[in-house]
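**Q** Be aware that the sequence shown starts at 29, since it is given in our numbering, and climbs by one per residue.
Note that CB positions come from ideal geometry on N, CA and C, so glycine has one too.
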Amino acid sequence: MSKIPFDEKEMNVAYTVPNLLDPAIPESPAWTYPQSEKDAVKELYTGTPTWCLSGLETGLFAPSVIPDNIARGFVIEGSPFDMADYGGPDMFGIQWEYVPVAGGSMVRPGTPFLEDANDWRKMLKFPNIDAWDWDASGRENYDYLHNGKANMLWFLNGCWYERLVSFMDFEGAVVALIDEEQKDALKELFAETTALYCKLVDRCAETYGEGISGFTVHDDWGSQRAPFFSPAVGEEMIVPYMRELTDHIKSKGLIADLHSCGSLEMQLPNFIKAGWQSWCPMPMNPTQKMYEKYGDKILLHVEPDLPEGASEEEQEKAGGEFVKNYFNPGKYCIPNYMYFPQKMTPAFRRGMYRASRQQAVSSL
Numbered sequence: 029m030s031k032i033p034f035d036e037k038e039m040n041v042a043y044t045v046p047n048l049l050d051p052a053i054p055e056s057p058a059w060t061y062p063q064s065e066k067d068a069v070k071e072l073y074t075g076t077p078t079w080c081l082s083g084l085e086t087g088l089f090a091p092s093v094i095p096d097n098i099a100r101g102f103v104i105e106g107s108p109f110d111m112a113d114y115g116g117p118d119m120f121g122i123q124w125e126y127v128p129v130a131g132g133s134m135v136r137p138g139t140p141f142l143e144d145a146n147d148w149r150k151m152l153k154f155p156n157i158d159a160w161d162w163d164a165s166g167r168e169n170y171d172y173l174h175n176g177k178a179n180m181l182w183f184l185n186g187c188w189y190e191r192l193v194s195f196m197d198f199e200g201a202v203v204a205l206i207d208e209e210q211k212d213a214l215k216e217l218f219a220e221t222t223a224l225y226c227k228l229v230d231r232c233a234e235t236y237g238e239g240i241s242g243f244t245v246h247d248d249w250g251s252q253r254a255p256f257f258s259p260a261v262g263e264e265m266i267v268p269y270m271r272e273l274t275d276h277i278k279s280k281g282l283i284a285d286l287h288s289c290g291s292l293e294m295q296l297p298n299f300i301k302a303g304w305q306s307w308c309p310m311p312m313n314p315t316q317k318m319y320e321k322y323g324d325k326i327l328l329h330v331e332p333d334l335p336e337g338a339s340e341e342e343q344e345k346a347g348g349e350f351v352k353n354y355f356n357p358g359k360y361c362i363p364n365y366m367y368f369p370q371k372m373t374p375a376f377r378r379g380m381y382r383a384s385r386q387q388a389v390s391s392l
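1. Shortest alpha-carbon distance to Phe34 belongs to which of Pro62, Gln210 and Ala52?
2. Looking at C-beta atoms only, is the number of pairs between the stretch 58 to 72 and the stretch 91 to 101 that lie closer than 8 angstroms three or more?
3. Please classify Lys177 as buried or exposed, where buried requires at least 16 other C-beta atoms within 10 Å of its C-beta.
4. Between which two residues does the alpha helix (DSSP H) holding Val202 run?
5. Which runs of the beta strand (DSSP E) at least 3 residues long sit entirely within the stretch 241 to 265? Give them in chain order.
6. How about Pro54: is its Cβ closer than 8 angstroms to a heavy atom in the ligand MN?
7. Could you spell out where the alpha helix (DSSP H) holding Phe218 opens and where it closes?
8. Which one or two residues does DSSP pair with Lys8 in a beta bridge?
9. Which residue or residues does DSSP assign as beta-bridge partners of Gln123?
10. Quick check: the stretch 224 to 237 against the stretch 155 to 167, are there 3 or more CB pairs under 8 angstroms?
11. Considering Leu286, what are the terminal residues of the beta strand (DSSP E) in which it resides?
12. Going by the DSSP bridge assignment, what does Ser56 pair with across the sheet?
13. Take every Cβ of the stretch 291 to 303, pair it with every Cβ of the stretch 261 to 270, and state whether three or more of those distances are shorter than 8 angstroms.
14. Counting only the same chain and skipping the five closest in sequence on each side, list residues whose C-beta sits under 8 angstroms from that of Asp118.
15. Quick check on the DSSP output: the beta strand (DSSP E) that includes Phe402 runs from which residue to which?
16. Does the stretch 269 to 288 come into contact with the stretch 304 to 319, if we say contact requires no fewer than three beta-carbon pairs (one atom in each stretch) closer than 8 angstroms?
17. Provide the residue span of the alpha helix (DSSP H) that contains Phe299, from first to last.
18. Excluding the 5 residues preceding and the 5 following Glu320 in the sequence, name in chain order all residues of the same chain whose CB lies nearer than 8 angstroms to its CB.
19. At a cut of 8 angstroms, does the stretch 239 to 257 reach the stretch 198 to 209 through at least three beta carbon pairs?
20. What is the DSSP secondary structure of Asn364, counted as helix, strand or coil?
21. Given 8 angstroms as the limit, is there contact between the stretch 326 to 342 and the stretch 359 to 375, that is, 3 or more CB pairs closer than that?
22. Quick check: what's the CA-CA separation for Thr60 versus Val41?
23. Inspect the beta-carbon positions of Phe368 and Pro311 and report whether they are closer than 9 angstroms.
24. Could you please give me the residues that DSSP links to Trp148 through a beta bridge?
25. Can you pull the DSSP bridge partners for Trp182?
26. Taking C-beta to C-beta, are Asp207 and Pro137 nearer than 9 angstroms?
27. If we require 3 or more residues per run, which beta strand (DSSP E) segments fall completely within the stretch 313 to 354?
28. Per the DSSP calculation, Ala90 is bridged to which residue(s)?
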């Protein structure tokens, strides 16, 4: 744990942040931290946390220099981006249609760009990422990124299953994973897309430097009820290539974080084998159970316990209990603030922060 002693003055509120998705949720307080939020995130990932993170310590970055972010309708950077320009071609030239009511984009199904994985070499044109205007992006985002937070650069499409769906539609992609006549070609394709993303990591690290702390890579593997494919298929077809990318990210001293939607408890061993340092599961996953079994191998975002109608005192106590149950030396976690913001009340956050700071002192 951290060697920074706890000072009661830390409990003074430094700033508050509104919940942009639900204004009815009270603003989240940040405390008067004894170190930068960026350093706190780094220490958690190296196993010596100063406090239990609340979600305010990280920043989200999805620069427009990467065409996928425009195509997918997900640009988050230093300058406002006109939503009228969302949609269009991604880095492979696949056309996306932005749907304002959904707040995102989709490839119109029914006419897949690639019908047989064996044809990928003659059908796909890989992007020349060196032709993108990295210098301008670095200049324009310098102030945005040097904000004291651990900024995570999001790769929204990723290089494996989600990318394959954009090429082949859902049905074609899931069949290609198990079709003996396509599997070898698919492995060659994943090797190439992974190599491309390793180069993309290099370019981002060179351009943004200390402004980014890691990468959140998207690859959705499941529906609300079950994975799209078996653990054995995931281990054979995707895990080796994931591991190549996570090893490359970590070799640069950066965080390798996974975003994968769906009911994926049975795939968690694959995520660990693939080298991911953290994963934020969706609500249908039993995160407390998964923490007990795997919490010493990966940083999981765990659902907080907060009884409905709890008083402020009970909420603060629940925050302390969360630390006691799920934030222990060698087995830390992050509260699942993304999917359970209503449970992360100001009082819960206060109890969680105080308990984790006092735990840091008592473990010295």
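**A** Straight from the coordinates:
1. It is Pro62 whose Cα lies nearest to the Cα of Phe34.
2. No: fewer than three Cβ pairs fall under 8 angstroms.
3. The residue is buried, with at least 16 neighbouring Cβ atoms inside 10 Å.
4. Here the alpha helix (DSSP H) through Val202 covers Tyr189 to Ala204.
5. Runs found: 242 to 246.
6. Judged by which ligands are present, the structure shown has none, so any question about the ligand MN falls away.
7. Counting along the chain, the unbroken alpha helix (DSSP H) around Phe218 starts and ends at Lys211 to Tyr236.
8. Because the chain is modelled from 29 through 392, residue 8 falls outside the range shown and cannot be assessed.
9. As DSSP reads the structure, Gln123 sits in a beta bridge with Pro117.
10. The stretch 224 to 237, when compared against the stretch 155 to 167, does touch it at the 8 angstroms Cβ threshold.
11. That run of the beta strand (DSSP E) goes Ile283 to His287.
12. Ser56 pairs with Val45.
13. Contact between the stretch 291 to 303 and the stretch 261 to 270 is present: three or more C-beta pairs spanning the two stretches fall below 8 angstroms.
14. Hits under 8 angstroms: Pro95, Asp96, Ala99, Arg100, Trp124, Asn185 and Ser194.
15. There is simply no residue 402 to check, as the chain begins at 29 and stops at 392 in what is shown.
16. The stretch 269 to 288 vs the stretch 304 to 319: in contact.
17. Leu296 to Lys301 is the extent of the alpha helix (DSSP H) around Phe299.
18. Answer for Glu320: no residue qualifies.
19. Judged by Cβ distances under 8 angstroms, the stretch 239 to 257 makes contact with the stretch 198 to 209, as three or more pairs qualify.
20. Coil at Asn364, not helix or strand.
21. Segments in contact, yes.
22. For Thr60 and Val41, the distance between alpha carbons rounds to 6 angstroms.
23. Cβ atoms of Phe368 and Pro311: closer than 9 angstroms.
24. Trp148 is not bridged to any residue.
25. Beta bridge pairing from DSSP links Trp182 with Thr244.
26. At the C-beta level, Asp207 and Pro137 stay beyond 9 angstroms of one another.
27. DSSP runs (the beta strand (DSSP E)) wholly in the stretch 313 to 354: 327 to 330.
28. Paired residues: Ile104.
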